[in-house]
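For reference, the structure is listed below as structure tokens.
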Amino acid sequence: MEDIWNISPNTTVFVKEANFSEACHTLRHAFFGGQWQEIRTPDFWLNIHHLYFTEELVIKAPTASWGPVSSFFIIGTVINQHLGLTEENLEAPGQHYLECIQDGCEVDHFFTDAPVIRLRFALSPQFIQRLTAAFHVPADLKPLIETGIASSFYSQGKTTPEMHGVLGQILKCPYQGFLKQLYLEGKILELSTLQFAQFAGSSYSQPCPITLRTDDIERIYQAREILICQYSHPPSLLELARQVGLNDFKLKQGFRHVFGTTVFGFLREFRLEQAQTLLSNGQLTVQQVAHVVGYSHTGYFAKAFKRNMELVQRLISSVGVKWLSRVLENWA
Numbered sequence: 005m006e007d008i009w010n011i012s013p014n015t016t017v018f019v020k021e022a023n024f025s026e027a028c029h030t031l032r033h034a035f036f037g038g039q040w041q042e043i044r045t046p047d048f049w050l051n052i053h054h055l056y057f058t059e060e061l062v063i064k065a066p067t068a069s070w071g072p073v074s075s076f077f078i079i080g081t082v083i084n085q086h087l088g089l090t091e092e093n094l095e096a097p098g099q100h101y102l103e104c105i106q107d108g109c110e111v112d113h114f115f116t117d118a119p120v121i122r123l124r125f126a127l128s129p130q131f132i133q134r135l136t137a138a139f140h141v142p143a144d145l146k147p148l149i150e151t152g153i154a155s156s157f158y159s160q161g162k163t164t165p166e167m168h169g170v171l172g173q174i175l176k177c178p179y180q181g182f183l184k185q186l187y188l189e190g191k192i193l194e195l196s197t198l199q200f201a202q203f204a205g206s207s208y209s210q211p212c213p214i215t216l217r218t219d220d221i222e223r224i225y226q227a228r229e230i231l232i233c234q235y236s237h238p239p240s241l242l243e244l245a246r247q248v249g250l251n252d253f254k255l256k257q258g259f260r261h262v263f264g265t266t267v268f269g270f271l272r273e274f275r276l277e278q279a280q281t282l283l284s285n286g287q288l289t290v291q292q293v294a295h296v297v298g299y300s301h302t303g304y305f306a307k308a309f310k311r312n313m314e315l316v317q318r319l320i321s322s323v324g325v326k327w328l329s330r331v332l333e334n335w336a
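When the sequence shown is numbered by the numbering used here, its final residue is 336 and no position is left out of the sequence of numbers.
Structure, rendered in structure tokens:
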């Protein structure tokens, strides 16, 4: 069956800004339906597919990714073939692939026994270069890195427990807006590193400890000040590194060394402190405060806030224990 993917989806746009967009696309067809969530930033795009099929289908269509694309299979089985490049591949839960298709034709065999849920993402060339600065990369990617010219390939691997953990964190991301962008950027980087290490035949390891010069430490303090000043609309990790003149790996390691937490962890805790102030003022509801500080659901906000006992104690001193207890019960 040709051109079945060319039907136009119904699209709901949640966020559309210069450096971050999020939308949900819904498909309805006589033989299949479902939706996929799409997130785009300057450094990567991420799709989470939920599709179901009422008829067993074999779909043949032209395909081209133009750059490396990663896919992790969560639920459902598909038989896939890139004509002229691969034999038939079984794409099933517990597996993942890394592909780069310049031009070709793809055949997918879909079944009705289970929905198809998978997570797909692609990195910008700059993002990939950041990985190569500190970690091993698959041999298939080296032509792209060294010459800027991509060649077609398809590689499949097994999803490790570490990968499963990161996938779960991405699928259950509790944040929204810029906090979500920063969180997902870190998780996509972590998942890519695990996948690249597997295909490169090396074990995942953190980069070697770095030596921080005096000017490096000054730049790290500058990064913290930028986060404080721009906490409501913080820059991405890559943009923050650019602003202070460090590469992002040195910024990540250095920030943890100097402040004892990650860039994301610092921003999350700082936003919770702002939440404590807003709740103390009593001018916003809990739901409004949760939204302001970047949480997609009040329950996620409640769990994060309750874990920080210092903030809870401060709020008790300002609003009273009875009021706080009643509110905390209603949050969960």
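No residue lacks a Cβ here, since even glycine has one placed at the ideal position from N, Cα and C.
query, result
"Pick from G108, K64, N23, L171: whose alpha carbon is nearest that of I78?", "L171"
"From this set, Q234, C233, D144, which residue's C-alpha is nearest Q205's C-alpha?", "It should be pointed out that residue 205 corresponds to Gly in this sequence rather than to Gln. Considering only alpha carbons, the answer is D144."
"How many Å lie between G152 and M167 at the Cα?", "28 Å"
"Less than 6 Å between C-beta atoms, sequence neighbours within five positions excluded: which residues of the same chain meet that for V111?", "K64, Q85"
"Since T163 and G80 are thought to touch, with beta carbons under 8 Å apart, how far apart are those beta carbons, to the nearest angstrom?", "The Cβ separation is near 14 Å, so there is no contact."
"What residues are listed by DSSP as bridge partners for S25?", "K20, R44"
"Please report the Cβ distance between Q199 and H100, rounded to the nearest whole angstrom; I am assuming they are in contact, meaning their Cβ atoms lie under 8 Å.", "6 Å"
"Quick one: what does DSSP say H261 is sitting in, helix, strand or coil?", "helix"
"According to DSSP, is C109 helix, strand or coil?", "strand"
"Could you check the C-alpha separation between P147 and G88 for me, to the nearest Å?", "20 Å"
"Please name the residue, chosen from G37, S75, I43, A68, that lies closest to T58 on a Cα-to-Cα basis.", "G37"
"Quick test of the definition: if touching needs 3 or more C-beta pairs under 8 Å, does the region 224-231 touch the region 254-266?", "yes"
"So, is V248 buried or exposed, given that buried needs 16 or more other C-beta atoms within 10 angstroms?", "buried"
"In terms of residues, what are the limits of the beta strand (DSSP E) holding F76?", "73-79"
"Roughly how many angstroms lie between the CA atoms of W49 and F125, to the nearest whole one?", "5 Å"
"Alpha carbons only, please: which of N14, V19, F253, R32 is nearest the one belonging to L216?", "F253"
"Roughly how many whole angstroms lie between the Cα atoms of H33 and V82?", "19 Å"
"Between S159 and P142, is the Cβ-Cβ spacing less than 8 Å?", "yes"
"Using only the alpha-carbon positions, how far apart do F305 and T116 sit?", "38 Å"
"DSSP beta-bridge partners for R32?", "G37"
"Is Y187 near F76, with beta carbons less than 8 Å apart?", "no"
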